[in-house]
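Here the structure is laid out as structure tokens; the discussion comes afterwards.
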Amino acid sequence: MLSFSSLLTGRQHPPAEIFGLKGIQVLKEKLQFAQTQACVCPLPCTAMALVSINQLPESILLEVFTHLPARQLLLNCRPVCSLWRDLIDLVTLWKRKCLCEGFVAEDWDQPVADWKVFYFLCSLRRNLLRNPCAEDDMTSWKIDSNGGNHWKVESLPGAHGTDFPDSKVKKYFVTSYGMCLKSQLIDLKAEGYWEELLDKFRPDIVVKDWFAARADCGCTYHIRVQLASADYIVLASFEPPPVTIPQWNDARWTEVSHTFSDYPPGVRHILFQHGGKDTQYWAGWYGPRVTNSSIIVSHRMSRSPAPSVVQP
């Protein structure tokens, strides 16, 4: 019987270093299946005479690669030989990985410029802002301005407030009668986005924030988002005029969104800052309320930049 280890003759690294434990298990299963087929096949079959893993059908190698972590494929497997490099560069492999991990469905019909890039962007996709809904008080936020009675965390809906559209959001940050601003600085490389991905493919960067006023007090809301280089030079910015809400309003929650597209190469950091103050100068916490902020790096759906919107 052909042994698994004999298939790896001539490889530069031990199997575990190349495939990892999961990859070895998948390969063993595929090899056992191939050997079973060889035993029942009435015609001469070469499966029993394999002396190198590269003699396995490409379909089996692709199946193994489909179940390996993507970074392991690129760092450990792709450099092994030209055959593996060519297989790992196939669009088919990255489509399969996207299907296996639920990033797309079988009936996906949207154009994808580069399936490998699409896969990595999907696997990295998450909200890069920490503690966006005040569940951990002010943790992860840098207080830039703390006027009046300072920042505070309250539970929804709050006095003279309304429920948030998403019932999973339970809390919000609230400002006072002096300017209150808080921020987070995101290091994109530390979050897993490498230079070529950012500079060559320049994925969309989607920013969202939600704000509301108390019904009994007017307020002014501010937001500023900047894309910056490694040495913090601002390359693109979103800073709309402050939004002023009058006293005796409906306290409705409003979403602000902006998509950065086709920005200059060199983006390595994102600065997100928001806040505001009330317009009545009342002691306490009568300024704008903010919650559910998000920054998501997303695959580009089109070449045209998406417009900024402010909607209820």
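Adding 350 to a residue's 1-based position in the sequence shown gives its number in my numbering. Positions of the beta carbon are idealized from the N, C-alpha and C atoms, including for glycine.
(message) Does residue 661 come out as helix, strand or coil in the three-state DSSP assignment?
(response) Confidence is the limiting factor: at residue 661 the pLDDT is only 47, short of 50, which leaves the residue's position unreliable, though a coordinate-based value still follows. Strand, per DSSP.
(request) Below 8 Å on the Cβ atoms is my guess for residue 483 versus residue 521; work out the distance and round it to an integer in Å. (result) In this structure residue 483 is in contact with residue 521, their Cβ atoms being roughly 6 Å apart against a cut-off of 8 Å.
(message) By the DSSP assignment, the alpha helix (DSSP H) with residue 469 in it spans what residues?
(response) For residue 469, the enclosing alpha helix (DSSP H) begins and ends at 465 to 474.
(message) Rounding to the nearest angstrom, what Cα-Cα distance links residue 406 and residue 573 in this structure?
(response) Answer to the nearest angstrom: the Cα atoms are 57 Å apart.
(request) Determine, using beta carbons only, whether residue 531 and residue 495 come nearer to each other than 8 Å. (result) Closer than 8 Å, so yes.
(message) Helix, strand or coil, according to DSSP, for residue 403 in the structure here?
(response) Looking at residue 403 - three-state DSSP - the assignment turns out to be helix.
(request) Kindly indicate which three-state DSSP category residue 431 falls into: helix, strand or coil? (result) For residue 431, the three-state secondary structure derived from DSSP is coil.
(request) Starting from residue 607, trace the beta strand (DSSP E) both ways and give me its first and last residue. (result) Annotation: the continuous beta strand (DSSP E) that includes residue 607 extends over 604 to 610.
(message) For a test of the three-state rule: what should DSSP assign to residue 420, helix, strand or coil?
(response) Here residue 420 sits in helix by DSSP.
(message) What does the Cβ neighbour count give for residue 463, buried or exposed, with the cut at 16 atoms within 10 Å?
(response) Looking at its Cβ environment, which holds fewer than 16 other Cβ atoms inside 10 Å, residue 463 is exposed.
(request) Please classify residue 643: is it buried, with 16 or more other beta-carbons within 10 angstroms of its beta-carbon, or exposed? (result) Around the beta-carbon of residue 643, 16 or more other beta-carbon atoms lie within 10 Å, marking it buried.
(message) To the nearest angstrom, how far is the alpha carbon of residue 540 from that of residue 618?
(response) Those two C-alpha atoms are separated by around 9 Å.
(request) Answer yes or no: do residue 556 and residue 646 have a C-beta to C-beta separation smaller than 8 Å? (result) In this structure, the beta-carbon distance from residue 556 to residue 646 falls below 8 Å.
(request) Return the CA-CA distance between residue 583 and residue 478, expressed in angstroms with no decimal places. (result) Approximately 20 Å between the Cα atoms of the pair.
(message) What does the Cβ neighbour count give for residue 441, buried or exposed, with the cut at 16 atoms within 10 Å?
(response) Residue 441 is exposed by the Cβ-count criterion.
(request) Sort 525, 488 and 438 by Cα distance to residue 411 and report the nearest one. (result) The residue with the shortest Cα to Cα distance from residue 411 is 438.
(request) Flag this pair as yes or no: are the beta carbons of residue 503 and residue 516 separated by less than 8 Å? (result) No, they are not a contact pair.
(request) Hey, could you find the ends of the beta strand (DSSP E) residue 639 is sitting in? (result) Per DSSP, residue 639 belongs to the beta strand (DSSP E) from 639 to 648.
(message) Once the 5 residues before and after residue 450 are set aside, which same chain residues still bring their CB inside 8 Å of it?
(response) 416 and 417, listed in sequence order.
(message) Give the list of continuous beta strand (DSSP E) stretches no shorter than 3 residues that lie fully inside the segment 493 to 578.
(response) As far as the segment 493 to 578 is concerned, its whole beta strand (DSSP E) runs of at least 3 residues are 502 to 505, 521 to 524, 530 to 537, 554 to 562 and 569 to 578.
(message) One question on the structure: do residue 533 and residue 471 come within less than 8 Å of each other, judged by their Cβ atoms?
(response) Contact flag unset, no.
(request) From the DSSP output, in three-state form, read off residue 595 for me. (result) In this structure, residue 595 counts as strand in the three-state DSSP scheme.
(request) Would you check if the distance between the CB atom of residue 558 and the CB atom of residue 589 is smaller than 8 Å? (result) Not in contact: residue 558 and residue 589 (Cβ atoms no closer than 8 Å).
(request) In the DSSP assignment, find the unbroken beta strand (DSSP E) run with residue 478 in it and report its ends. (result) It is not in any beta strand (DSSP E) - residue 478 carries neither H nor E in the DSSP assignment.
(request) Quick one: give me the first and last residue of the beta strand (DSSP E) that residue 585 is part of. (result) First-last of the beta strand (DSSP E) with residue 585: 584 to 588.
(message) Measuring only the C-alpha atoms, how far is residue 596 from residue 527?
(response) C-alpha separation (whole angstroms): 15 Å.
(request) Since I believe residue 638 is in contact with residue 525 (beta carbons under 8 Å), could you give me their beta-carbon distance rounded to a whole number of angstroms? (result) Confirmed, Cβ separation roughly 6 Å.
(request) Using a threshold of 8 Å, state whether the C-beta atoms of residue 598 and residue 562 are closer than that. (result) Residue 562 sits away from residue 598, with the two beta carbons spaced by 8 Å or more.
(message) For a quick check, are the C-beta atoms of residue 631 and residue 585 less than 8 Å apart?
(response) Going by C-beta atoms, residue 631 is not nearer than 8 Å to residue 585.
(message) Given this structure, state the Cα-to-Cα distance separating residue 512 from residue 505, to the nearest angstrom.
(response) Rounded to the nearest angstrom, the two C-alpha atoms are 11 Å apart.
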